[in-house]
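Visitor: When you line the sequence shown up against the UniProt record's numbering, it's residues 1 to 451, in that order. Note that beta-carbon positions come from the ideal geometry of N, C-alpha and C, so glycine has one too. These numbers come from a predicted model, not from an experiment.
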Amino acid sequence: MKKLLGLLLISVLVVAYVLYFTSTSERTSVQPKNEMETELLETAEKTFRFFEDYTDPETGLTMDRVDFEQDENKAEHTSPTNIAMYMLGMVSGVELGFISKKEAKQNLEKTLRTLSEMETWNGLYYNWYFTKDGTQKTDWGQFISSVDNGWLTAGLIVTGQYFDGLKELTDPLVEQMDYSTLYDSSVGHLHGGYDKEQESLTPHHYGMLYTEPRVASYLAIGKGDVPEEHWWKLYRTFPPEFDWQSQIPTGAMKDYDGINVFQGIYEYEGINYVPSWGGSMFEALMPSLVIKENELGVNALGLNNLQHVKGQIRYAEVNELDAWGFSPAAIRNNYGEFGAPVLGTEGYEDKGVVTPHASFLALEHAPEEVYDNLKKLKDMGVYGKDYGYYDTVNLQNGEVAHSYLSLDQGMILASITNYLKKGVIREYFHQDPIGESPEHLLEMEDFEIKD
Numbered sequence: 001m002k003k004l005l006g007l008l009l010i011s012v013l014v015v016a017y018v019l020y021f022t023s024t025s026e027r028t029s030v031q032p033k034n035e036m037e038t039e040l041l042e043t044a045e046k047t048f049r050f051f052e053d054y055t056d057p058e059t060g061l062t063m064d065r066v067d068f069e070q071d072e073n074k075a076e077h078t079s080p081t082n083i084a085m086y087m088l089g090m091v092s093g094v095e096l097g098f099i100s101k102k103e104a105k106q107n108l109e110k111t112l113r114t115l116s117e118m119e120t121w122n123g124l125y126y127n128w129y130f131t132k133d134g135t136q137k138t139d140w141g142q143f144i145s146s147v148d149n150g151w152l153t154a155g156l157i158v159t160g161q162y163f164d165g166l167k168e169l170t171d172p173l174v175e176q177m178d179y180s181t182l183y184d185s186s187v188g189h190l191h192g193g194y195d196k197e198q199e200s201l202t203p204h205h206y207g208m209l210y211t212e213p214r215v216a217s218y219l220a221i222g223k224g225d226v227p228e229e230h231w232w233k234l235y236r237t238f239p240p241e242f243d244w245q246s247q248i249p250t251g252a253m254k255d256y257d258g259i260n261v262f263q264g265i266y267e268y269e270g271i272n273y274v275p276s277w278g279g280s281m282f283e284a285l286m287p288s289l290v291i292k293e294n295e296l297g298v299n300a301l302g303l304n305n306l307q308h309v310k311g312q313i314r315y316a317e318v319n320e321l322d323a324w325g326f327s328p329a330a331i332r333n334n335y336g337e338f339g340a341p342v343l344g345t346e347g348y349e350d351k352g353v354v355t356p357h358a359s360f361l362a363l364e365h366a367p368e369e370v371y372d373n374l375k376k377l378k379d380m381g382v383y384g385k386d387y388g389y390y391d392t393v394n395l396q397n398g399e400v401a402h403s404y405l406s407l408d409q410g411m412i413l414a415s416i417t418n419y420l421k422k423g424v425i426r427e428y429f430h431q432d433p434i435g436e437s438p439e440h441l442l443e444m445e446d447f448e449i450k451d
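#1: In the DSSP output, which residue or residues are listed as bridge partners for K254?
#2: Quick one: what does DSSP say N304 is sitting in, helix, strand or coil?
#3: Where do the ends of the alpha helix (DSSP H) carrying F48 lie?
#4: What residue range does the alpha helix (DSSP H) around A220 cover?
#5: For F163, which residues from the same chain have a beta carbon less than 6 angstroms from its beta carbon, with the 5 sequence-adjacent residues on both sides left out?
#6: Between the Cα of D89 and those of T59, E228, I416, E439, spot the shortest distance and give me the residue it belongs to.
#7: Could one say the Cβ of W151 lies closer than 9 angstroms to chain C's Cβ atoms, at least one of them?
#8: How many angstroms separate the CA atom of E349 from the CA atom of P328?
#9: At the level of alpha carbons, what is the spacing between L377 and S180?
#10: Within the same chain, show all residues whose beta-carbon is closer than 7 angstroms to that of D148, passing over the 5 residues directly before and after it, in chain order.
#11: Please go through the same chain and pick out, in chain order, the residues whose beta-carbon is closer than 6 angstroms to the beta-carbon of Q136, but skip the five residues on each side of it.
#12: Should P275 and T250 be called a contact, given that it needs their Cβ atoms to be closer than 9 angstroms?
#13: Can you tell me which residues form a DSSP beta bridge with A401?
#14: Return yes when the Cβ of A154 is within less than 9 angstroms of the Cβ of V370, no when it is not.
#15: Got a sec? Which residues, its chain only, sit under 7 angstroms from V14 by beta carbon, not counting five neighbours each side?
#16: On the three-pair Cβ rule with 8 angstroms, is the segment 184 to 194 touching the segment 383 to 402?
#17: State the start and end residues of the unbroken alpha helix (DSSP H) segment that holds S116.
#18: Cα separation between E368 and E212?
#19: Can you give me the C-alpha to C-alpha distance between E72 and R65, rounded to a whole angstrom?
#20: With a cut-off of 8 angstroms on the beta carbons, I'd call Y310 and R426 a contact; round off their distance for me.
#21: Taking Cβ positions, are V342 and Y268 nearer each other than 9 angstroms?
#22: According to DSSP, which residues form a beta bridge with F98?
#23: CA-CA distance, I449 and N294?
#24: Report buried or exposed for T55, applying the criterion of at least 16 other Cβ atoms within 10 angstroms of its Cβ.
#25: Cutting at 7 angstroms between CB atoms, please list the residues of its own chain near E76, excluding the five before and the five after it.
#26: Report the rounded CA-to-CA distance for Y387 versus N305, giving the unit in angstroms.
#27: From E301 to G435, what distance separates their C-alpha atoms?
#28: Can you find the residues in the same chain that come closer than 8 angstroms, C-beta to C-beta, to G48, ignoring five residues on each side of it along the sequence?
#29: Identify the continuous beta strand (DSSP E) that holds G336 and give its terminal residues.
#30: Rounded to whole angstroms, what is the Cα-Cα separation between Q263 and Y383?
#31: Does the beta-carbon of P203 have 16 or more other beta-carbons within 10 angstroms, so that it is buried, or is it exposed?
#32: Pairs of beta-carbons, one from the segment 349 to 367 and one from the segment 309 to 325, closer than 8 angstroms: are there three or more?
#33: Take T43 and list the residues in its own chain whose beta-carbon comes closer than 6 angstroms to its own, dropping the five residues that flank it on each side.
#34: Would you kindly work out how many angstroms separate the C-alpha atoms of G150 and G224, rounded to a whole number?
#35: Does the Cβ-Cβ distance between N333 and E69 come in under 9 angstroms?
#36: From the DSSP output, in three-state form, read off F21 for me.
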């Protein structure tokens, strides 16, 4: 009997070893070239661990937020954007060698099967679902967000292109997401979303180009759900007669595809730029995680992305702040909208709150400045031993929000991956016809913002 048990134990150990060796041997190897890349990989691995530890093993849905102010406090619900960040996180994990492609694919199969069973409206997803079973969380209302669905569509596209065999699961989900139901042809803009309880579209629209919802605009055009003219109907700046905006823009009218576009620009400390709404980094740069703005929009969106990085850095210098990186993020037991007000049409209030994800979004534009800024944030106690950078620090009082948001963790991880692997996430997004077909819209525009 003892001999039999011994043989069984040896067999179990051998099988476990073979499975582990097979798994690790299938992983990509990334060799850092310098100290900065070594630290980026270390941060990426810790950030990836967050998605491993806080994603439901049955449904494949990642928790919205985890706080560590005292005891661990988990927000066990998720959103379409959070799900997209998990998808990009799995791609990043494979690219950086933290998980095998086979394991990541198996993880995402669970997510995709859960998505196929979740309640939708015209194929579009509601704002909140419980991670334990994918049922809708309705106590915060029943809202379908244009921008959140845009991120989920983008995540599905990248997933389908990256993992062999998953397009048969992702394509039907993408096809069912009907953005025409959110489009207002009378003004050429997307509504903010649809309120199921009120049975009405929001009265407000996403009318500005240089904000986060442009990811939804881009892929809605790529899908053929809305016409290309939608892109040119979006405001670069509001016209000069809108005197409530933070500064009166200069610029001239320009014709694109028969549509007159006011090519307005703002200026700050010698930096010309097209503003976002609030002056935040994720409005400015998050879409470039998947869209080839930097590569194709060299005189427009790509250059404007660089100008916003310069603007945030300069804003911190002018105001004698110890660090930069202003973007909506978690504060203790809450969430706030933060930005560099001068970079926005109606800028978010500057409360001295800095978030690491803003630095990571800027990696491809100013790597040395980002690295220096991250060192400062580490010295302020913003780096956790388990999951990387905490969400914010208040420069006025030194208070750190010991929180992790799956949204912000996803931006950090995808930014590092694009930096170390030369825009790999964008490459897969643009391999799909939805990502490829509107590329000319990026290429043909000139914002007239060269220094």
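Guide: In short:
#1: V261
#2: helix
#3: 35 to 53
#4: 214 to 223
#5: K105
#6: The identity of residue 89 in the sequence shown is Gly, whereas the question assumes Asp. Nearest option by C-alpha distance: I416.
#7: Any reference to chain C falls outside this structure, which holds one protein chain only.
#8: 11 angstroms
#9: Straight-line spacing of the CA atoms in L377 and S180 works out to 43 angstroms.
#10: S79, P80, T81, N127
#11: E119, Y126, Y129
#12: no
#13: T392
#14: no
#15: Reliability fails at V14, whose pLDDT of 43 lies under 50, so the model's placement of it is uncertain and no value is given.
#16: Counting C-beta pairs with one atom in each stretch, the segment 184 to 194 and the segment 383 to 402 have fewer than three that are closer than 8 angstroms, which means they do not touch.
#17: 101 to 117 is the span of the alpha helix (DSSP H), which, as asked, contains S116.
#18: 25 angstroms
#19: 11 angstroms
#20: A quick correction: the sequence has Lys, not Tyr, at residue 310. With 8 angstroms as the limit, K310 and R426 do not qualify as a contact, their Cβ atoms being about 22 angstroms apart.
#21: Yes. Within cutoff.
#22: DSSP output for F98 lists no bridge partner at all.
#23: When rounded, the distance between both Cα atoms is 15 angstroms.
#24: buried
#25: Excluding sequence neighbours, E76 sits near M63, F130, T131, K132.
#26: 28 angstroms
#27: A small fix is needed here, since residue 301 is Leu in this sequence, not Glu. Using only the alpha carbons, I get a separation of about 16 angstroms.
#28: Looking at the sequence itself, residue 48 is Phe, so the reference to Gly does not match. Closer than 8 angstroms at the Cβ level, and outside the excluded window around F48, lie G89, S92, G93, L96, F98, I99, L413.
#29: 334 to 336
#30: Between Q263 and Y383, the C-alpha separation is close to 41 angstroms.
#31: exposed
#32: yes
#33: G388
#34: 14 angstroms
#35: Closer than 9 angstroms, so yes.
#36: Since pLDDT at F21 reaches only 46, below the 50 mark, its modelled position is unreliable, and the value read off the structure follows with that caveat. Helix, per DSSP.
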